[in-house]
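Have a look at the structure below, then the notes.
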Amino acid sequence: MHYVFPFLPPPWPPSSSGQANRADYQCLSSRPDALKDKLIVVAYSGADPERVDEGKMNRESDQQPPRAVAFTSAMYLDVPDVAHVVLHTGLTVAVPSVHRKGILGELFAQLFLHVVPLNPEGMWVTTLAAVFSSLVLSEKVLSKTYPCPPTRQGHRLLQPLPEHLAIARAIDERHRAQLLISQDAEWDAERFVFRGSMDWDAAEVFKKDADDPKLWHRDKEATAFFGGLMRPGKGDEVLMVGFVDEERLREGIAWQRQKSRM
């Protein structure tokens, strides 16, 4: 399947209905300033929307009208105790037909290809998720990840670094609303898990069934590791913190391309 990945420049136009989205969260928020700090990558199947506008449709795939099939939304977090920039990978949505086809890795590759050159010294990246495939993918493309499964190749962190702790503390104390973490959720600093993070009305739409194989990663050991950190059906989410720079980005893209050929 042919995909194109344009960045969606903010701001988006307001909804014609004038009604707030059911999921008032990150790029789905109805607030006028909701997209001011967001980085959004959209995957389209069929023709490149820009080529359609310019009348340059040549390839067979271009004969199909463009259709959005997935997007990811990221944002920068203010963490004063950390020297490098901190990026939260935020919300990712994909239609069922592209699940397990590498679309998640492609979205993140396009995101990092945009932001890493702007921060050549490297940047910290956070992922808050209960979806095993998202956690395992983040662990594989980032370095210095914590928490980290025993399947990690090379150096595995057994304890969080000071940067991990500072970022987690900032999210716990200052960024819960931005990440849709319940104010009643308990921060488990030992396991890097927000207990009951999604156990409230605003996050109900994002709850996932951990027993759904479509949400698992092919790496069964890593999937089991992250599954063991959370309580089934309690709305827990793992906070993963990792690092990416130009060298790690090249390695991650090479790994993603090799995996796509398997």
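Just so we're aligned: the sequence shown equals residues 81 to 342 in the numbering used here. We treat Cβ as the ideally placed atom computed from N, Cα and C, and that holds for glycine.
{"Check": "Give the straight-line distance between the Cα atoms of Ala-282 and Arg-275, rounded to the nearest whole angstrom.", "Outcome": "16 Å"}
{"Check": "So who's on the other strand from Met-320, going by DSSP bridges?", "Outcome": "Thr-207"}
{"Check": "For Asp-264, which three-state DSSP category applies?", "Outcome": "coil"}
{"Check": "Identify the continuous beta strand (DSSP E) that holds Phe-274 and give its terminal residues.", "Outcome": "273-275"}
{"Check": "Could you check where the alpha helix (DSSP H) with Leu-191 kicks off and where it finishes?", "Outcome": "183-195"}
{"Check": "Does the distance from the C-beta atom of Phe-323 to that of Pro-229 stay below 8 Å?", "Outcome": "no"}
{"Check": "Would you mind stating whether Ala-209 and Glu-317 have Cβ atoms separated by less than 8 Å?", "Outcome": "yes"}
{"Check": "Which residue from Lys-116, Leu-260, Tyr-226 and His-194 puts its Cα closest to that of Ile-171?", "Outcome": "One point to set straight first is that residue 171 is Leu, not Ile, in the sequence displayed. For Leu-171, the nearest C-alpha among the options comes from Leu-260."}
{"Check": "Between the beta-carbon of Thr-206 and the beta-carbon of Ile-247, is there less than 8 Å?", "Outcome": "yes"}
{"Check": "Provide the residue(s) that pair with Thr-303 in DSSP beta bridges, ordered along the chain.", "Outcome": "According to DSSP, which records beta bridges pairwise, Thr-303 is partnered with nothing at all."}
{"Check": "On the DSSP bridge list, what partners appear for Tyr-105?", "Outcome": "Partner(s): none; Tyr-105 has no beta bridge."}
{"Check": "According to DSSP, is Gly-332 part of a helix, a strand, or is it coil?", "Outcome": "helix"}
{"Check": "Are the CB atoms of Ala-150 and Val-166 nearer to each other than 8 Å?", "Outcome": "no"}
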